[in-house]
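First residue of the sequence shown: 142, per this note's numbering; consecutive thereafter.
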Amino acid sequence: MPHIPEPREEQVGFGPYGIEHLLAESREKLARVSPHEAFEIQREGGLIIDIRPEADRLTGGEIPGALTVERIVLEWRLDPSGSHRLTGLHPDRPVVLVCNEGYASSLAAAQAQELGLTKATDLAGGFHAWKQAGLPTTAAAA
């Protein structure tokens, strides 16, 4: 494995680069929702899409009725005009993306908007917040 040098102190947080900048930029585009708001969106016909890895879903449980699309193929599944898209997607349908804690889902929701899903957003606090709010979940695998 090649040696990856540690960043020099002057490189850390330099300019408009880095994940914190990208996350903040993504979240500026979103009207993030609480667990109860996401639950209501789902009840009214919106989609909840769980982007957590299978291992996390197996150990932590799932949101009933949520579609599961792992992050690695998400853009292909969300492209409303793509041949691999999920059925039922259209630009005005609300879509709430969910990850474990609400970080990866913010990045994914901003990408979904760039693909044309104008009402895409994410769940603030992720699956952990949903579970803490006492909303329905499936049991984790034994």
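Positions of the beta carbon are idealized from the N, C-alpha and C atoms, including for glycine.
Kindly indicate the opening and closing residues of the beta strand (DSSP E) around residue i.
i      : result
Leu188 : Leu188 to Asp191
Thr262 : Ala261 to Asp263
Leu238 : Val236 to Val239
Taking C-alpha atoms, which residue in the options lies nearest to residue i?
i      : options                           : result
Ser247 : Pro235, Thr200 and Thr262         : Thr262
Ser175 : Ile160, Ala281, Ala196 and Gly267 : Gly267
Leu256 : Gly201, Ala274, His231 and Gln183 : His231
Leu276 : Ala196, Gly229, Arg184 and Leu164 : Arg184
Gln273 : Glu181, Ile160, Tyr158 and Gly201 : Gly201
Asp233 : Ala280, Ala282 and Lys260         : Lys260
Pro194 : Ala172, Leu258, Ala245 and Gly229 : Ala245
Asn241 : Ser222, Gly186 and Ala196         : Ala196
Trp271 : His177, Glu161, Arg173 and Tyr158 : His177
Below 8 Å on the Cβ atoms is my contact criterion, and I expect residue i with residue j to pass it. Report the Cβ-Cβ distance as a whole number of Å.
i      : j      : result
Ile204 : Thr278 : 6 Å
Arg226 : Asp220 : 5 Å
Ala179 : Val237 : 5 Å
Ala207 : Gly243 : Going by Cβ atoms, the distance from Ala207 to Gly243 rounds to 15 Å, so no, they are not a contact pair.
Val239 : Ile190 : 7 Å
Ala281 : Leu199 : 7 Å
With respect to the alpha helix (DSSP H) encompassing residue i, which residues constitute its N-terminal and C-terminal limits?
i      : result
Ile160 : Ile160 to Glu169
Leu258 : First-last for Leu258: undefined, no H or E at that position.
Asp197 : Glu195 to Gly201
Pro176 : Pro176 to Arg184
His225 : Premise fails: His225 is in no alpha helix (DSSP H) and is neither H nor E.
Gly275 : That residue, Gly275, is in no alpha helix (DSSP H); it is neither H nor E in DSSP.
Glu242 : Looking at the DSSP string, Glu242 is not in any alpha helix (DSSP H), and its letter there is neither H nor E.
Glu216 : Leu215 to Leu219
Taking three-plus beta-carbon pairs below 8 Å as touching, is the stretch 158 to 171 in contact with the stretch 249 to 256? With a cut-off of 8 Å, the stretch 249 to 256 and the stretch 158 to 171 count as touching, because enough Cβ pairs lie within range.
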